[in-house]
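Taking it in order: structure first as structure tokens, then the write-up.
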Amino acid sequence: MKTLKFCGIAVSSGLLIGALVGWHFGTTITKGQLMFGEMFASAGYGQLAFVQYDQADPEHARQALRGFTDFAKSMGKLPSAQGDQALLVDTGRAYLRLAAIEALSGNSTLSHQYVLNAQESFRRMGRDFPEEKLNQEVAKINALARPIGPPS
Amino acid sequence: MLKKAALFGLLFFVGAGLGLFAGWKGSSSRERWREGRSFGSPAGRDFLKTYNLMGRLLEVNMGSAMRLEDPKESPERRREYLNLLLDTAQKGRTGVTDPAALTLIDVETGITYVRLAMVEEAAGNLPASQAWMQKAQTTLQQAGWKDYSEAHLTKLVLAMNKQDACDCPRGKR
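Those sequence lines, one after another, are chains A and B.
Residue numbers for the first sequence follow our numbering, so the first one is 1 and each next one is one higher.
Residue numbers for the second sequence follow our numbering, so the first one is 1001 and each next one is one higher.
Here it is in structure tokens:
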């Protein structure tokens, strides 16, 4: 009986300490892995969307950027994406490019909406850019851009 | 006394090992469940498929770009990695329904075809190089690219290789 008690104390104290340490490191390392996966996914989609914006016709460029902003919106629900400022920067940049495309197409209302979306995205990361400055950015993007066709 | 301490230590470590495994598994499963719990709907599951594929594509893409930039790598190793990228894109796209994501997967595929063309050209296999380049041009034309000339694609992909080979995911563009 005494031996059994002795063995029980040894195993259970080891179990308790092991479980606590395992829980701590399991949480930390899994969170790190998930954050790493989130970075790869957002960077992968973002990179392809921006390449498509640079290289494709306006219709495909729109589709790619809208796809990225929708993807980023869904990513906002992931706990691992909380506090990912780079995702917010990329989303803001995508909205500014969408605003530029719509401005060139003559859709000023939609362009304005995208500027506001960009502003909101930057605001969420703690940078409050005035609308005027973002409009200047859109004008700069358009200065480098090519003629745009009508929207779908 | 010494025997008793050794037995205690042994049993303690057995318990600690089991506890470590159980704690690790439990917390890891909990974190993964928390990560995916908002995506139980069909649209959510579709998003997760795109999410996983995009991450995997970038991972393999960076690996293949590093091998293309490394002069010590053999053409076989380069082909192997580029074919892995094509395989990942091909298998991954079956679960994706978002048209924007599907077009971007085609873009990644087209860029990989250009890389394969360049590997074959460097290895002196001109017919294979031309065949890959034609596939690239067709794919990228369908993805809406304005300039899909060989010269433009080669120049662009050379620049992308340099960028992809040394960038971490957050350093992109």
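Note that beta-carbon positions come from the ideal geometry of N, C-alpha and C, so glycine has one too.
| Asked | Found |
| --- | --- |
| With 8 Å as the C-beta to C-beta threshold (strictly closer), list the residues of the segment 45-56 of chain A near chain B in chain order. | Y45, G46, Q47, L48, A49, F50, V51, Q52, Q55, A56 |
| Give a yes or no on whether the C-beta atoms belonging to M75(A) and S111(A) are separated by under 8 Å. | no |
| Mind pulling the chain B residues with CB within less than 7 Å of R66(A)? | A1100 |
| In the DSSP assignment, find the alpha helix (DSSP H) that holds D1106(B) and state where it starts and stops. | 1099-1122 |
| Sorted by chain position, which residues of the same chain lie with C-beta nearer than 7 Å to G1110(B)'s C-beta, five sequence neighbours on each side aside? | A1136, T1139, L1140, A1143 |
| Buried or exposed for A1159(B), please, with buried defined as at least 16 other CB atoms from any protein chain shown within 10 angstroms of its CB. | exposed |
| Do A1101(B) and T1154(B) have their CB atoms nearer than 8 Å? | no |
| Would you be able to state if there are at least three C-beta pairs under 8 Å between the segment 1034-1049 of chain B and the segment 46-64 of chain A? | no |
| Measuring only the C-alpha atoms, how far is L134(A) from Q113(A)? | 12 Å |
| Out of A19(A), N142(A), M39(A), D70(A), point me to the one whose CA is closest to S80(A)'s CA. | M39(A) |
| Where DSSP assigns a beta bridge to W1024(B), which residues make up the other side? | In DSSP, W1024(B) forms no bridge with anything. |
| Do V138(A) and A99(A) have their C-beta atoms closer together than 8 Å? | yes |
| Per DSSP, which one or two residues make a beta bridge with W1145(B)? | A56(A) |
| Buried or exposed: where does Q63(A) fall if 16 or more other Cβ atoms within 10 Å of its Cβ makes it buried? | buried |
| Quick check on the burial criterion: 16 or more other C-beta atoms within 10 angstroms. Buried or exposed for N1255(B)? | Since the first and last residues shown for chain B are 1001 and 1173, residue 1255(B) lies out of range. |
| Quick one: what does DSSP say F1012(B) is sitting in, helix, strand or coil? | helix |
| Could you check where the alpha helix (DSSP H) with G111(A) kicks off and where it finishes? | The displayed chain sequence assigns Ser, not Gly, to residue 111(A). Counting along the chain, the alpha helix (DSSP H) containing S111(A) begins and ends at 108-124. |
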